[in-house]
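A.B. asks: What follows is a single structure, and I will ask about it in a moment.
Below is the structure:
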């Protein structure tokens, strides 16, 4: 995710907040509530962290249907954008600590690039529709007028609701790549930073967060695309706007 695109927006929000802070302590009394809820919009940047096998450069022999590969020069996973929408349920534990659950529906593409010594590179988008259930602890600073900062950490359980859909693709590479990184569910840990901006009747919270899958997402079936890869874990950067 390119932070240089986000930093000017954050600076603009800070400028607005400094002017609001001169007026009064806003927020609709949300800090006094034991439970509150809201919604969020997210921009995602997803990629795989790939570990290759010792003999990953070895050409893959032709399959019975005639498909084989030349020796590999590189395997990578370029970052791919996506978006998500969801809700937030917040439980106040102390004045500086909250428990948060933020279920969301995420749409993203994930790319894997195979660069061969001879022939054209093979790049494939793996479309994903995820239902995600993050749960985390939000550690907040003391409120300064209409502003406070926080850090957040926790775990996220994700289910790919599109992974079991059948495809009518007749291209063997489409079929193999579709099945390559297609485990239906996984668990990730995540951590991030953000800040709360208080308006008259609500608060808005810009947040940047990184999540990283615990387990390998490869389906090892012995084909030309999974054989060179030892394991691959999903890494995701998220910029969110929460409204509570």
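In this note's numbering, the protein residues as written are 91 to 334. We put the beta carbon where it would ideally sit given N, CA and C, even for glycine.
#1: Which of the three DSSP states is assigned to residue 250 in this structure?
#2: What does a CB cutoff of less than 6 angstroms around residue 303 pick up in its chain, not counting 5 residues either side in sequence?
#3: In the DSSP assignment, find the beta strand (DSSP E) that holds residue 227 and state where it starts and stops.
#4: Excluding five sequence neighbours on each side, which residues of the same chain lie with their C-beta closer than 6 angstroms to the C-beta of residue 186?
#5: Which residue or residues does DSSP assign as beta-bridge partners of residue 327?
#6: With DSSP collapsed to three states, give me the class of residue 308.
#7: Considering only C-alpha positions, which residue in the set 240, 201 and 147 is nearest to residue 170?
#8: Three or more C-beta pairs under 8 angstroms: does that hold for the segment 176 to 185 against the segment 137 to 152?
#9: Taking residue 182 as the reference, give the member of 204, 120, 274 and 330 with the closest Cα.
#10: Whose C-alpha, out of 134, 159 and 296, is nearest the C-alpha of residue 212?
#11: Taking the alpha-carbon positions, what's the residue 282 to residue 151 distance?
#12: Cβ of residue 205 within 9 angstroms of Cβ of residue 239?
#13: State yes or no: is the C-beta of residue 194 within less than 9 angstroms of the C-beta of residue 224?
#14: Can you tell me whether residue 311 is buried or exposed, with buried defined as 16 or more other CB within 10 angstroms of its CB?
#15: So, with DSSP's three-state summary, where would you put residue 121?
#16: Taking 9 angstroms as the cut-off, decide whether the C-beta atoms of residue 332 and residue 295 are in contact.
#17: What are the complete alpha helix (DSSP H) segments, minimum 4 residues, inside the segment 149 to 188?
#18: Can you pull the DSSP bridge partners for residue 202?
#19: If you follow the beta strand (DSSP E) that residue 286 is part of, which residue opens it and which one closes it?
#20: Please report how far the alpha carbon of residue 235 lies from the alpha carbon of residue 241, in whole angstroms.
#21: Should residue 334 be labelled buried (16 or more other beta-carbon atoms within 10 Å of its own) or exposed?
C.D. replies: This is what the structure holds:
#1: strand
#2: 276, 278, 323 and 324
#3: 212 to 230
#4: 230
#5: 135 and 300
#6: coil
#7: 201
#8: no
#9: 120
#10: 159
#11: 45 angstroms
#12: no
#13: yes
#14: exposed
#15: helix
#16: yes
#17: none
#18: 214
#19: 275 to 288
#20: 19 angstroms
#21: buried
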